[in-house]
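Residues in the sequence shown are numbered consecutively from 1213, following our numbering. Built from N, CA and C at the ideal position, the CB exists for glycine as well.
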Amino acid sequence: MRRSVLRVVTAVAVLGLAVGCGESGGKPPAVAKQAVPSVKPAPKVTEERLSREVLERAALGEGDARGVDILEVPQKEVPSLPANAVPYCGAVGLGLSQNTDPKTKVRVSRGAFDGKRHSALIMSLLAHNGADARAVMKGLRADLADCPGFRDDDGAHRTVSSRAEKLGDEAVSYRVAAEWNKKHPRFDTSVVVVVRAGSVVVIVKGQVMGAGPQAERDVRLSAHALVEAQLGKLARTS
1213 MRRSVLRVVT AVAVLGLAVG CGESGGKPPA VAKQAVPSVK PAPKVTEERL
1263 SREVLERAAL GEGDARGVDI LEVPQKEVPS LPANAVPYCG AVGLGLSQNT
1313 DPKTKVRVSR GAFDGKRHSA LIMSLLAHNG ADARAVMKGL RADLADCPGF
1363 RDDDGAHRTV SSRAEKLGDE AVSYRVAAEW NKKHPRFDTS VVVVVRAGSV
1413 VVIVKGQVMG AGPQAERDVR LSAHALVEAQ LGKLARTS
């Protein structure tokens, strides 16, 4: 039963991956800063590119993160970008779809459900060499600086805001909030945390399932806890 529930919430976490063309523009509304506890520096991870076999061993499994159910997600369930796709705001859209620039063919993914905070998350580990991993983060920060928002293919205007995070060797998080048309009102928010640990880039995406700032804070806390657990295992395995 628990595995069935986890599959459902994992599917929810995968929803909303941005892979189409977008129209940027508009300033995001002010968002209150939400404190997330700082963490100790993570153990160092190799700068060498990891093989798929090693990355699979390093990825979290059931029982590796206290209070969190973990499910292996087949790569066919985490869409790759079509050859002609142009992601919204470059690396911003890539992060939403669990991809990076530069690209890599070695990616493993996990679904996670934090029972305490009722947060559904999708996490991907992407193997690069050290230089490419640093380029991923540099490009993402540049694209975030140039992306106040965009209008997606469904007509929703999505605002984007970001902040630095104290995780791994370097990290950034961003929220993408969408306000749909007034005739059919709907509001949804995604939180994405992107972390570099040595040569590996970790992307965690969570959907904010409830209303109010506490719902988003719960997703952020769950994402941070998941990343901390993942970085620890990654350092031990690599």
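Mind checking whether Gly1424 and Thr1258 have CB atoms under 9 Å apart? Against a cut-off of 9 Å, the Cβ pair of Thr1258 and Gly1424 comes out as no contact.
Quick one, are the C-beta atoms of Gly1307 and Lys1417 less than 9 Å apart? With respect to the 9 Å criterion, Gly1307 and Lys1417 are classified as neighbours on the basis of their beta carbons.
How would you call Ala1376, buried or exposed, if buried means at least 16 neighbouring beta carbons within 10 angstroms? Answer is exposed; the Cβ neighbour count stays below 16.
Would you kindly report the start and end of the unbroken beta strand (DSSP E) that includes Leu1338? Note, Leu1338: beta strand (DSSP E), Ser1331 to Ala1339.
Give the single residue among Gln1419, Ser1450 and Asp1276 whose Cα lies nearest to the Cα of Ile1334. The residue with the shortest Cα to Cα distance from Ile1334 is Gln1419.
Length-filtered (4 minimum) alpha helix (DSSP H) runs lying within the segment 1340-1392: Taking only runs of at least 4 residues, the alpha helix (DSSP H) segments lying wholly in the segment 1340-1392 are 1342-1357.
Report the rounded CA-to-CA distance for Phe1362 versus Val1403, giving the unit in angstroms. Rounded to the nearest angstrom, the two C-alpha atoms are 16 Å apart.
7 Å Cβ shell around Val1316 - same chain, five flanking residues per side excluded: In the sequence under discussion, the amino acid at residue 1316 is Thr, which differs from the Val named in the question. Apart from the 5 residues on each side of it in sequence, Thr1316 sits with its Cβ closer than 7 Å to the Cβ of Leu1338, Ala1339 and His1340 in its chain, given in chain order.
Between Ala1271 and Arg1261, what straight-line distance do the alpha-carbon atoms span, to the nearest angstrom? Taking the straight line joining both Cα atoms gives about 15 Å.
Count the C-beta pairs between the segment 1341-1350 and the segment 1323-1331 that are closer than 8 Å, then say yes if the count reaches three, no if not. Too few Cβ pairs lie closer than 8 Å, so no.
Can you give the beta carbon distance from Asp1355 to Cys1301, rounded, assuming they're within the 8 Å contact cut? Indeed they touch by this definition, with Cβ atoms about 5 Å apart.
Along the chain, where does the beta strand (DSSP E) containing Gly1444 start, and where does it finish? Run containing Gly1444: none in the beta strand (DSSP E); it sits in the alpha helix (DSSP H), Pro1425 to Thr1449.
Report yes if the CB atom of Arg1322 is closer than 9 Å to the CB atom of Ser1309, and no otherwise. Going by beta carbons, Arg1322 and Ser1309 fall outside the 9 Å limit.
Val1298 to Asp1358 span [Cα, whole Å]: Straight-line spacing of the CA atoms in Val1298 and Asp1358 works out to 16 Å.
With C-beta atoms as the reference, is Asp1400 less than 9 Å away from Ala1389? Yes; because the gap between Cβ atoms is below 9 Å, this pair is in contact.
Tell me whether Gln1310 sits in a helix, a strand or coil according to DSSP, three-state version. Note: Gln1310 maps to coil in three-state DSSP.
I'd like to know whether the C-beta atoms of Ala1441 and Val1280 end up nearer to each other than 9 Å. Their beta carbons are under 9 Å apart, which means Ala1441 touches Val1280 by this criterion.
Would Ser1374 pass as a contact of Val1384 if the rule is Cβ separation under 9 Å? Going by C-beta atoms, Ser1374 is nearer than 9 Å to Val1384.
Would you grab the beta carbon distance between Ala1435 and Val1405 for me? Rounded to a whole angstrom, and I think it's under 8 Å. Contact flag correct, Cβ pair sits at about 5 Å.
Looking at Val1320 and Thr1449, is the spacing between their C-beta atoms short of 9 Å? Cβ distance not < 9 Å, so Thr1449 and Val1320 don't count as in contact.
Look at the alpha carbon of Pro1240 and the alpha carbon of Gly1422, and state the distance between them as a whole number of angstroms. Low per-residue confidence applies at Pro1240: pLDDT is 40, beneath 50, and the placement is therefore not dependable, though the value from the model is reported in the following sentence. Cα-Cα distance, rounded: 20 Å.
Helix or strand or just coil, what does DSSP make of Lys1315? Residue state, collapsed to three classes: coil.
With a threshold of 16 other CB atoms inside 10 Å of the CB of Ala1343, please say whether the residue is buried or exposed. For Ala1343, the number of other beta carbons within 10 angstroms of its own is below 16, and it is reported as exposed.
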